[in-house]
Structures are given as structure tokens and as C-alpha cells.
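Beneath this line is the structure, given in C-alpha cells, with notes to follow.
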Amino acid sequence: MRAATAYLTILATSVAGLLGAPWVFVIVGACLLSLLSFMQHRHYRARFAAVSMNDVYIGFEWGSVGASFASALASYILGLAVHYVMLGSFH
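In this text, residue positions in the sequence shown follow my numbering: the first is 10, and each later residue adds one.
Shown next, in the form of C-alpha cells:
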């Protein structure tokens, strides 16, 4: 279910770009993708804490935030590119 929600979030972010919505939708999409990622990987926290590797887990979480932002930004830019190609004008 989380994978489907992530795909729908990426699709919604690209549609926001396609419709010419403001860039704030990139942040909303990235936050939702980060939340989904944190929920998916929360069971790793106990495993990393058991072997005293919390720093590695925190780095893993920040990497997940970066990947979420990159995917939201890329899908928004793709939507904008399709918008500009379809309309043929850059405003």
C-alpha cells in the first residue's frame, strides 16, 4: 500500500508541474515521500540500536529525505517540461 501511495504522490507532483502549480507542491510531495519512507524503514531502528549504530541509521534517514526531495523535484520538473512542450511557450 505504501508503494502505491508513493507512486501516486510522484504522479500528483508531476501533474502539479503539468498544470503549472507553484513550486510549493515539490515540498509537499517531498514531505509526503519522506514520511512514507520513514514509516517503511522504522523497523530498522531497533536493529541499528541493538548494535549501537544509531548514527548510521540517522544518516540513512537523511539519505531517504534527500532521495524523496530529488524524486519530487524531478517529477515536478518533468511535468513542467511537458507543460511547456505542449503549450509551446515559456512564460
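All residues carry an ideal CB built from backbone N, CA and C; glycine is no exception.
Report the rounded CA-to-CA distance for T18 versus R54, giving the unit in angstroms. The residue you call residue 18 lines up with position 9 of the sequence shown. The residue you call residue 54 lines up with position 45 of the sequence shown. Using only the alpha carbons, I get a separation of about 25 angstroms.
Contact set for M48: own chain, Cβ-Cβ below 7 angstroms, skip 5 residues either direction: Reading the sequence shown from its first residue, position 39 is the one you call residue 48. Contacts found: R11.
Which residue's Cα is closest to the Cα of S23: C40, N63, V91? Residue 23 sits at position 14 when you count from the first residue of the sequence shown. Selected option, being the one with the closest Cα: V91.
Where do the N-terminal and C-terminal ends of the alpha helix (DSSP H) with H50 fall, by residue? Here residue 50 is taken as the residue at index 41 of the sequence shown, counted from 1. 33-50 is the span of the alpha helix (DSSP H), which, as asked, contains H50.
Excluding five sequence neighbours on each side, which residues of the same chain lie with their C-beta closer than 7 angstroms to the C-beta of L27? Locating residue 27 in the sequence shown gives position 18, where the first residue counts as 1. Once the five neighbours on either side are set aside, the close Cβ partners of L27 are G88, V91, H92.
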